[in-house]
Amino acid sequence: MFEKTFLIIPAFNEAKTIQKVVEGALQTVSNIIVIDDGSTDETQEYLDALDDPRIIRIYQSNQGCNAARHRGEQNIRGRFVVFLDSDDELATPETLERMVDRIASTPNDVGVVGFGVTTPSGGGGHSQLAEPEMLLDYGDVICERKV
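Under numbering that gives the first Met the number 0, the first residue of the sequence shown carries the number 0, and numbering increases by one thereafter.
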């Protein structure tokens, strides 16, 4: 399953956090796309030093994280894509596996599967997948603004 899963990580000036994110992701997934969105810190130097065929590095001028995610999507050749911000952290190596298993078991007529996370009060620390699972329909998402 994971050979068909791509993890897309947009990064802008995240030299201090991106190493932890990439190293954590490499424990689980074998296809990582990191888009350096015009960083002016040492993010590019860190990415340039990576010698791992599982990582695709893309560099672009600063256009914002949504443009970086879109750029990453243009390079996937798999069944699933998971987005992770460059300052996020997977709570456990099993977190991504749980996410992909849930995506794989979702009916084909569902186009997007989202995951909530819990973060300690005040930020910092590990974010974890929110429990229990919450299923929302179009009205919940768009009309009631639950997401």
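Ideal placement from N, C-alpha and C gives every residue a C-beta, glycine not left out.
Would you mind reading off the limits of the alpha helix (DSSP H) that contains residue i?
i            : result
threonine 42 : 42-48
Considering only their Cβ atoms, is the gap separating residue j from residue i smaller than 8 Å?
i             : j                : result
aspartate 36  : alanine 14       : no
isoleucine 17 : serine 85        : yes
valine 20     : glutamate 88     : yes
serine 38     : asparagine 12    : yes
valine 33     : alanine 48       : no
valine 111    : phenylalanine 79 : no
isoleucine 7  : phenylalanine 82 : yes
arginine 53   : leucine 25       : yes
isoleucine 55 : arginine 70      : no
Considering just the uninterrupted stretch of the beta strand (DSSP E) at residue i, what are its terminal residues?
i             : result
arginine 68   : That residue, arginine 68, is in no beta strand (DSSP E); its alpha helix (DSSP H) goes 64-72.
isoleucine 54 : 54-59
alanine 79    : Reading the sequence as shown, one finds phenylalanine at residue 79 and not alanine. 79-82 is the span of the beta strand (DSSP E), which, as asked, contains phenylalanine 79.
threonine 33  : For clarity, residue 33 is valine in the given sequence; the question names threonine instead. It spans 31-36 - the beta strand (DSSP E) in which valine 33 sits, taken as one unbroken run.
Identify whether residue i lies in helix, strand or coil by the three-state DSSP scheme.
i             : result
glutamine 26  : coil
alanine 14    : coil
leucine 6     : strand
valine 99     : helix
valine 20     : helix
threonine 39  : coil
glutamate 88  : coil
threonine 105 : coil
valine 146    : With a pLDDT of 48 at valine 146, under the threshold of 50, the modelled position of this residue cannot be trusted; read the value that follows with caution. If DSSP states are grouped into helix, strand and coil, valine 146 belongs with coil.
If we count the other Cβ atoms within 10 Å of its Cβ and call it buried at 16 or more, is residue i buried or exposed?
i          : result
valine 109 : exposed
glycine 23 : buried
glycine 77 : exposed
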